[in-house]
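Position in the sequence shown counted from 1, then plus 1, gives you the working numbering. Cβ coordinates follow ideal geometry from the N, Cα and C atoms, glycine included. Below: one structure, written as structure tokens.
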Amino acid sequence: MATNPRNARAVNPPAFPNSKRGTGRVRCQDIACSLGEILDLSAGGMRVKTSQRVPRIGSGITVTIGALDGEVVVPTTVQWIRRRGWLSREVGLKFGELSAPVSKALCDLARAAAYNDTLWRDSQEAARQAG
Numbered sequence: 002m003a004t005n006p007r008n009a010r011a012v013n014p015p016a017f018p019n020s021k022r023g024t025g026r027v028r029c030q031d032i033a034c035s036l037g038e039i040l041d042l043s044a045g046g047m048r049v050k051t052s053q054r055v056p057r058i059g060s061g062i063t064v065t066i067g068a069l070d071g072e073v074v075v076p077t078t079v080q081w082i083r084r085r086g087w088l089s090r091e092v093g094l095k096f097g098e099l100s101a102p103v104s105k106a107l108c109d110l111a112r113a114a115a116y117n118d119t120l121w122r123d124s125q126e127a128a129r130q131a132g
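Okay, here's the thing in structure tokens:
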């Protein structure tokens, strides 16, 4: 199937040379891992909300994610930590070397999260128009 040039930007967003982020993110809802709640997911890593004690920046940590077909064990490195409230933190985790099955499971999870976000936005728009 040929790519429509008009839709090419949606599939392949332009690179932002001044941005440190190399990949796009997908907002997640109700997806948990062993560290806490996954807020967003990308090809390079994820952002997690947690109340647990987090290792120092640069430390390696293995995270178990509840994926669509069961649990997936993912090697990560702590990139940053931000305090969010009295007991809560957000943690940026960079994925380590991923096997093909783990990579596929994460890709499937991101696709499902993107689909759920689209449904949520559509329902919000319908509610706004109705009321």
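Practice prompt. Closer than 8 angstroms by C-beta to N13: which residues in its own chain qualify, once you throw out the five before and the five after it? Chain order, please.
Written response: Residue numbering aside, residue 13 sits at position 12 when the sequence shown is read from its first letter. Confidence at N13 is low in this model, with a pLDDT of 39, below 50, so the placement of that residue is unreliable and no value is reported for it.
Worksheet item: Taking the C-alpha atoms as reference points, what is the distance between E72 and A33?
Response: Numbered from its first residue, the sequence shown carries residue 72 at position 71. Numbered from its first residue, the sequence shown carries residue 33 at position 32. Looking at the two C-alpha atoms, the distance is approximately 10 angstroms.
Practice prompt. Measure from the alpha carbon of P102 to the alpha carbon of each residue in D70, G45, E38 and A114, then state which is nearest.
Written response: Along the sequence shown, one-based indexing puts residue 102 at 101. Of the listed residues, the one whose Cα sits closest to P102 is D70.
Discussion item. By the three-class DSSP mapping on this structure, what secondary structure does L40 have?
Written reply: Walking along the sequence shown from the start, residue 40 turns up at place 39. The answer is strand: DSSP assigns L40 an E or B state.
Fill in: Straight-line Cα distance separating S35 from S89
Along the sequence shown, one-based indexing puts residue 89 at 88. Along the sequence shown, one-based indexing puts residue 35 at 34. About 15 angstroms.
Fill in: Residues near P56 by beta carbon distance below 6 angstroms, same chain, minus five either side
The count along the sequence shown starts at 1 and reaches residue 56 at position 55. Excluding sequence neighbours, P56 sits near I62 and V79.
Fill in: C-alpha distance - D118 paired with G86, whole-angstrom precision
To locate residue 118, count along the sequence shown from 1; it is residue 117. To locate residue 86, count along the sequence shown from 1; it is residue 85. Note on D118: pLDDT 47, under 50, position unreliable in the model; the coordinate value appears next. Distance between the alpha carbons of D118 and G86 is about 25 angstroms.
Practice prompt. Grab me the residues of A113's own chain with a C-beta within less than 8 angstroms of its C-beta, minus the 5 sequence neighbours each way, in chain order.
Written response: Here residue 113 refers to the residue found at position 112 of the sequence shown. Only L69 meet the Cβ criterion.
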